[in-house]
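Q:
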Amino acid sequence: MRVVIVTESFPPDVNGVAHCALQTARHLVRRGHTPLVIAPAIADPAADADAPCAVVRVPSLPLPGYPQVRVALPSRRVAAAIAAHRADLVHLAGPFVLGVRGMTAATRLGIPAVAVYQTDLAGYARTYVGTGEGAAWRRLRAVHGAADRTLAPSSAAVRDLAAHGIGRIRLWGRGVDTARFRPGLRDEALRGELAPDGELLVGYVGRLAPEKRVDLLAAAAELPGIRVVVVGDGPSGSALRAALPGARFLGRRTGDDLARIFASLDVFAHTGPFETFCQTVQEAMASGVPVIAPAAGGPLDLVDHGRTGLLVPPGDPDALREAVAALAAAPELRAAYGSAGRTAVRGRTWEALGDELIGHYREVLRERTAVAA
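In my numbering, the protein residues as written are 44 to 416.
As structure tokens, this is what we get:
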């Protein structure tokens, strides 16, 4: 198959949309298919030298107040690239701006499209501007409604999409690299640097942005014998350093370095309530680390409460603090949760999820062929 992946973000960006698009492109190449990626332009075009396939960059601008995120500008390059690639199918990754262009081009060219829902844009609208939720859903309905199939990453996302009038939905999760993220990378020297007095390490990994609610860790950070470790960057970095004066901020980490940090934690705490999936929860579980997460969105599918971790009410700092205290006091429970978490994600490899995605592509192509006949 010749597949065009139109994505709102692509490496060197570090986020769920970029990572999933990269893994999709890699898997398609491994399976003998021919992908092309269309993504917003970045400051350093040389970064695409490591991409698994050709990448077409569309002019973009940094998002005001959040320059790490770039938004594509209107461009004829999208339709031209799809046509030139002679695409059999268009894959829209987290479509909202560039993805709308990709959907329009696919419709005009008569090419089937699969739209992958990845970001709770309505939730972000509430967080950043206090309004605009309705407008976000109208835009999502327009692009997903035009697609042949929408793939949602969690059962909560499926319900949310259906409740807002979007149809033709299938569940498609995310893979995790269980070879890279593994318990054996636990590093006692690193732990000594982060917790010189033997504190329990409670970590967060992800973007430092308002919707992630990392500030909720402040109450847990005040517990005796607890050291909070924060990995990531973003516009909330300065405010969070002030709110969490005793925490260790490690900045953005990737690859084996990130895997070593994950495995060296005692507890992983995710705080954001708007996750359609939450890849870092899977990476923590693969690393054998017990998880605390909000009982909302993607974590509802990932965390088996009382077996692989604990689910707490979203936005409740006291509940989060109590969960951290409970795990801090129970090393055997932490070990049991960590082991069960590793077992739970063992089969969720990118290879398995990539093959599942190709199955969705083939079903969509067959459906189009049947309609045409």
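Beta carbons are placed, not taken as given, at the ideal position from N, Cα and C, and that holds for glycine.
Would you mind sorting A115 into buried or exposed? The rule is 16 or more other CB atoms within 10 Å of its CB.
A: Flag for A115 reads buried.
Q: Do you know offhand how far L400's Cα is from E254's?
A: If I take the Cα positions, the gap works out to 29 Å.
Q: Output needed for P105: all residues of its chain with C-beta closer than 6 Å, excluding positions within five of it in sequence on either side, in chain order.
A: R113.
Q: Which residue's Cα is closest to the Cα of I209: R225, F224, R217 and D191?
A: Nearest option by C-alpha distance: D191.
Q: Bridge partners of A285, per DSSP?
A: DSSP, once it has assigned bridges, lists no residue as partnering A285.
Q: Using CA coordinates, which residue listed in A178, A165, R182 and T162 is at the minimum distance from M146?
A: Nearest option by C-alpha distance: R182.
Q: Can you check which of these residues, A124, P196 and H128, is closest to A158 by C-alpha distance?
A: Cα-wise, what sits closest to A158 is P196.
Q: Among all the DSSP beta bridges, which residues are the ones paired with I48?
A: According to DSSP, I48 bridges with V80 and H134.
Q: Which residues bound the alpha helix (DSSP H) around R414?
A: For the record, residue 414 in the displayed sequence is Val; it is not Arg. Here the alpha helix (DSSP H) through V414 covers W393 to A415.
Q: Hey, out of V219, A205 and D220, whose CA is closest to R213's CA?
A: When only C-alpha atoms are compared, the closest one is A205.
Q: Measure the C-alpha to C-alpha separation of L14 and G246 and round it to an integer number of angstroms.
A: Nothing in the structure corresponds to residue 14, since the chain is present only between 44 and 416.
Q: Would you list the residues sitting across from R192 in a DSSP beta bridge?
A: The partner list for R192 (beta bridge, DSSP) reads V157.
Q: Return the chain-ordered list of same chain residues with a C-beta closer than 7 Å to the C-beta of I269, the five sequence neighbours on each side being excluded.
A: Here the set comprises E242, L243, V245, A263, V367 and A371.
Q: Which of the three DSSP states, helix, strand or coil, is assigned to H313?
A: The answer is coil: DSSP assigns H313 none of H, G, I, E or B.
Q: On the criterion of 16 or more Cβ atoms from any shown chain inside 10 Å, does T297 qualify as buried, or is it exposed?
A: T297 should be labelled exposed.
Q: Under the rule that 16 or more other beta-carbon atoms within 10 Å means buried, what is P83, buried or exposed?
A: Counting Cβ neighbours within 10 Å, P83 comes out buried, since at least 16 surround it.
Q: How many angstroms separate the CA atom of A282 from the CA atom of N58?
A: Their Cα atoms are separated by approximately 21 Å.
Q: For the beta strand (DSSP E) that P337 lies in, which residues bound it at each end?
A: P337 -> beta strand (DSSP E) spans V334 to P337.
Q: Okay, do the stretch 342–353 and the stretch 271–285 touch, 3+ Cβ pairs below 8 Å being the bar?
A: Segments in contact, no.
Q: Is the number of C-beta pairs between the stretch 128–145 and the stretch 57–75 that are closer than 8 Å three or more?
A: With a cut-off of 8 Å, the stretch 57–75 and the stretch 128–145 count as touching, because enough Cβ pairs lie within range.
Q: Work out the CA separation of V355 and A338 for me, nearest whole Å.
A: Each residue's Cα considered, the two are about 5 Å apart.
Q: Taking only three categories from DSSP, how would you classify V346?
A: Correct three-state label for V346: coil.
Q: Can you tell me where the beta strand (DSSP E) holding P105 begins and where it ends?
A: Unbroken beta strand (DSSP E) run through P105: S103 to L106.
Q: Buried or exposed for R385, going by 16 or more other Cβ atoms inside 10 Å?
A: Looking at its Cβ environment, which holds 16 or more other Cβ atoms inside 10 Å, R385 is buried.
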